[in-house]
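J.: Residue numbers (our numbering): 370 to 1585. Have a look at the structure that comes next, please.
Given below as structure tokens:
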């Protein structure tokens, strides 16, 4: 608004005085400044105030005294004397008339026909008419604004343009708005003033006389403004008016700028206000408000604001570049001035010496940036990146030259300097067009060479782990592997913004990097010399050496150029801590792959070296300060294992050399290496490698406390990321015996709140029990068990790690617990302690326990089994002292170890099969059956061996369930004693008799065995079939069917078992089926039972006399169970029994004896069972006594048939 240039605006001093009603400041104003504020001051002096205080009365007197000397006050007083109510009514009528006749109507109620022009009428009119003239003109403009639908127009009005009457018109305008606020809302009036000449001046006067309306007016003007203000005349006028308002009230300028961003309107105003604020603020070395504001718009999270401001930049560039008055040009000029202000201009002697002597004289070499300018320079670089990459700014030649000079300057060795170099480097990659001339390219190459040379110095001085040297290496590797998209991601990540970079724009930079600065051999050689990151964790952000090594490993650069990287990786793994850095696991995986897979077929030896066993052991021997008594030679524990665990006493202080993160990572490496080696055995066997990678020895694996480490990782899951889950996967695959479900459940129990509460009661005396004292207590066991019980109870309060030193003493004295007279409580406590120890050192504990429980003969011979022996033959566990079989707490331990070693044996055989797979590769090439035949055979042999092993374990366990001869004799003596007591004292309740039979060690051992068998059957149902096809004593069928819930699986294969040609298997199948029908009375059981009856009928017709007797004598009692479970089978079973009797009678018919009475009795039993039911027992007894001496098989079989029928009848009659 150039038309307002000659007018005097309200000063910030005067506006602040009006805002605060500071009479002293108002009195200090000059007459021209005071003239602009008269409407408000006169109303303030004449109107009745709401404030009746004495202080305001004094201020009011001062205001009256101030106004008394001003002549214009009289005209304003006259304006206030008008009847505003009548004026408002006439104005309302005029508005209605205009609305009815249209906005262009020339008739007016407020103003009668004008004799002269509007200016002359205003001059000659009195105060009421002046008010009407201004009001009529203002309403006309406001009405036209409302009808314009947002299209800007400029209204020509003599009243607002005549410089002579501007002050009088402004007085009238202010009085009208103050007295008629409902008719003339100040926001609408402000909007209308934008459409007349001198509108900004009138608007400032209006707001100055109503200072409380400043924010309301500004928000209204911004809300009604254009999205892009510099595109139209109206937008520029609105921006200029708001700038004048903010100059009048500079304290609210930034708040108005916030309204601009909030509404996403008038971007030029926001920049203009920032420029005004930048000029007013004191210059310093910090980041200017302009840089902060524009950076916030383009790099903020609000996409709407980013798009809005980006459009402003793009549209501004389309206009003429020499438009100095545009806000965009002013902004760019200011930014360029700030950039040039921090550029170093003094040549550095140190750098000149480094430069070539023949260097062109026009190549500028600057000294380093000042330390106080580095942060500001970084902010400017990011801002220019955002302007060019997001807003599409095209830099001028001058801007490009100055930017390049700033990017290639050399900052001091501080963290901010490292950040500046990284940003400059990424900006060169993102906007390679900034380098356009050979001189500029030479300057860039010099600067990159300086980066390479000074990288180590920067890192050592600044103390920043993530230096720009790693970024240089990473970019060089990406260029060599042509991963341009990865470079783009790296650039965007470093700059902190998503910008579009065309891969084609990186071609020149690629040539410079790969051919002039960083050849692939230089990259690999330099990468190995880069120091590892100390205490590497996820808290260290940025691009680290580990990123570079990972990319070089992935591209196989180390193996191509025969550079050893093993030591660097080992050192980095040793320098790790929590939280785990996310790049560590991928680094280990790609390192393992580089060990096993050659870089190329032409060079099969191009592989990396694995970590040595000694280096691995060093990580797990990192604990010091362990009590030497715990690792003495007498204890027999391996020193390496003892070094792992310690007692946390008051006087025990331990220092750990390696962190738990390092130990877990090395464990992950070892397990992953072994798994990958087994998976690649075939490929390695075919390859032409002379030195094939070898597996780590079993001795090494035995010395790694895997379970302890897994427990530690479980408590650090949040800090270890995916390491815990990865270790569990490897453990489940390679060490399934360490992943038994019961162990995990036991761990949950021993780490609960109950243990914490019990540990609160742990006294110092209890803590001081040593393994030697425990050994002495065990030695006193035959005579005194009180001390042992006390020590064991105290040990239950210790944690698993604290129990480790006592493991040897506990296991070596287990054979003492087998002697008679040892209290059950001691056995149970030892079992509890063993289970706690099993959570931290299962493999070593199992070996010690198996050796301790061996029979006394083997102990005397000092026959010791190793871990490998037990994995090859798990049945060694069951070759223990026979007394263990009747000690339930120790039998529980034995079964736990057996289950673990069976799982370990499966994993061992699987790995052995894979390790030796290469042995069949060469013979298979000449095999006519094809290359797959030998592998299938080996797999089948392995499965057969595992099945035989499992079935042998089951058969041994079932044999243990059988009572010994002593137990049978004791049971018979007990029954005879019970009968004698019964005859003298009366009948004994069956409940007490049953309870007495259950409270024995045999029954408890049977329950433990049945639980284990149930787990084995569920894990592999084929074991059930194999065991029952092999058969076992029929005395155990009642136990197995009732005690093993998974025995219902047998219903699936009993038809196949019955179909076997061996008579013993058929008998065993029918006996098994009889118990299953009682236990599981299901439709499937009914169908199988009916099949069994049919098979029995068929066999009756084909078996010889001797086989018939051998088959039916044990199977006929099973028919009673069939009838009990399924009454619908009664008819078929009775028919079968009569048929058996008839067949036997026909064989006896050739003899002289009369067999008819027996046949007749059988027919009567079938036809009239109820009539003879009462006589069944007597007749059977007589029959037995009569024919007891008969040894004829048919006679005995007929008697068995008769007894079976009698049992069925009794069962039916009694309703059982």
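Where is the CB? At the ideal position from N, CA and C, for every residue including glycine.
If the criterion is Cβ atoms closer than 7 Å, does the pair residue 1587 and residue 1260 meet it?
T.: This structure leaves residue 1587 out entirely; the chain is present only between 370 and 1585.
J.: Locate the alpha helix (DSSP H) running through residue 401, then write down its first and last residues.
T.: Note, residue 401: alpha helix (DSSP H), 400-404.
J.: Which residue from 893, 914, 896, 892 puts its Cα closest to that of residue 902?
T.: For the residues 893, 914, 896, 892, the minimum Cα distance to residue 902 belongs to 914.
J.: Is it buried or exposed for residue 1577, if we count other Cβ within 10 angstroms and need 16 for buried?
T.: Answer is buried; the Cβ neighbour count reaches 16.
J.: Distance, Cα to Cα, residue 1170 vs residue 1032?
T.: For residue 1170 and residue 1032, the distance between alpha carbons rounds to 17 Å.
J.: Any contact of the region 552-571 with the region 425-445, i.e. 3+ C-beta pairs under 8 Å?
T.: Too few Cβ pairs lie closer than 8 Å, so no.
J.: Less than 7 Å between the beta carbons of residue 378 and residue 573, yes or no?
T.: Contact flag set, yes.
J.: Alpha carbon to alpha carbon, how far is residue 1010 from residue 1233?
T.: With a pLDDT of 40 at residue 1010, under the threshold of 50, the modelled position of that residue is not reliable, and the figure given next carries that caveat. Their backbone Cα atoms lie some 18 Å apart in a straight line.
J.: Going by C-alpha to C-alpha distance, which of 1468, 1404, 1450 sits closest to residue 1429?
T.: For the residues 1468, 1404, 1450, the minimum Cα distance to residue 1429 belongs to 1468.
J.: Locate the alpha helix (DSSP H) running through residue 1463, then write down its first and last residues.
T.: From DSSP, the alpha helix (DSSP H) with residue 1463 extends over 1452-1471.
J.: With DSSP collapsed to three states, give me the class of residue 739.
T.: In this structure, residue 739 counts as coil in the three-state DSSP scheme.
J.: If you check the beta carbons only, do residue 1198 and residue 1161 fall under 7 Å apart?
T.: Cβ atoms of residue 1198 and residue 1161: closer than 7 Å.
J.: Tell me, which residues are paired with residue 524 by DSSP?
T.: 565, per the DSSP bridge assignment.
J.: Start and end of the alpha helix (DSSP H) containing residue 1383?
T.: Segment 1370-1388, the alpha helix (DSSP H) holding residue 1383.
J.: Please report how far the alpha carbon of residue 381 lies from the alpha carbon of residue 617, in whole angstroms.
T.: Between residue 381 and residue 617, the C-alpha separation is close to 5 Å.
J.: What do you reckon, is the C-beta of residue 1477 under 6 Å from a heavy atom of the ligand NAD?
T.: Of the ligands one can find in the structure shown there are none, so the ligand NAD has no counterpart to examine.
J.: Where do the ends of the alpha helix (DSSP H) carrying residue 1272 lie?
T.: Here the alpha helix (DSSP H) through residue 1272 covers 1257-1284.
J.: With respect to the alpha helix (DSSP H) encompassing residue 1333, which residues constitute its N-terminal and C-terminal limits?
T.: Counting along the chain, residue 1333 falls outside any alpha helix (DSSP H), and DSSP gives it neither H nor E.
J.: So residue 679 and residue 760 are in contact, right, with Cβ under 8 Å, and what is the actual spacing, rounded?
T.: Yes, residue 679 and residue 760 are in contact; Cβ-Cβ is about 4 Å, under 8 Å.
J.: On the DSSP bridge assignment, give the partners of residue 877 in chain order.
T.: Note: residue 877 sits in no beta bridge, so no partner.
J.: With DSSP collapsed to three states, give me the class of residue 1298.
T.: Residue placement at residue 1298 is poorly supported in this model, since its pLDDT is 48, which falls under 50; the coordinates still yield a value, given next. Coil at residue 1298, not helix or strand.
J.: Mark residue 1575 as exposed unless 16 or more other C-beta atoms lie within 10 angstroms of its C-beta, in which case mark it buried.
T.: The residue in question, residue 1575, is buried, as its Cβ has 16 or more Cβ neighbours within 10 Å.
J.: For residue 643, write down the residues that DSSP places opposite it in a beta bridge.
T.: DSSP lists no partner for residue 643.
J.: Return no unless some Cβ of chain D is closer than 7 Å to the Cβ of residue 741.
T.: The structure shown contains no chain D; it is built from a single protein chain.
J.: Over the uninterrupted alpha helix (DSSP H) stretch that includes residue 497, give me the two end residues.
T.: Run containing residue 497: 496-516, per the alpha helix (DSSP H) assignment.
J.: With a CB to CB cut of under 7 Å and the five nearest residues on each side skipped, what residues in its chain are close to residue 1043?
T.: Here the set comprises 1064, 1065, 1103.
J.: Inspect the beta-carbon positions of residue 639 and residue 626 and report whether they are closer than 7 Å.
T.: Yes; because the gap between Cβ atoms is below 7 Å, this pair is in contact.
J.: Quick one: any contact between the region 918-933 and the region 877-894, if contact means 3 or more CB pairs under 8 Å?
T.: Flag = yes, the region 918-933 and the region 877-894 touch.
J.: Using the DSSP secondary-structure output, state which residues sit across from residue 1235 in a beta bridge.
T.: BP columns for residue 1235 are empty, so no partner.
J.: Going by DSSP, which residues form a beta bridge with residue 945?
T.: Answer is 905, bridged to residue 945.
J.: Does the region 941-948 come close enough to the region 852-871 that 3 or more CB-CB pairs lie under 8 Å?
T.: Segments in contact, no.
J.: Using only the alpha-carbon positions, how far apart do residue 648 and residue 660 sit?
T.: In a straight line, the C-alpha of residue 648 is about 13 Å away from that of residue 660.
J.: Quick one: what's got a C-beta closer than 8 Å to residue 1348's C-beta in the same chain, skipping five residues either side?
T.: In this predicted model, residue 1348 has a pLDDT of only 45, less than 50, meaning its place in the structure is not dependable; the value taken from the coordinates is given anyway. Taken in chain order, the list of residues that qualify is empty.
J.: Which value, in whole angstroms, describes the spacing of the CA atoms of residue 407 and residue 451?
T.: Whole-angstrom Cα-Cα distance: 17 Å.
J.: In the DSSP output, what is residue 779 paired with across the bridge?
T.: DSSP, once it has assigned bridges, lists 737 as partnering residue 779.
J.: Assign residue 802 to buried or exposed, taking buried as 16 or more other Cβ atoms, counted over all protein chains shown, within 10 Å of its Cβ.
T.: Exposed is the call here.
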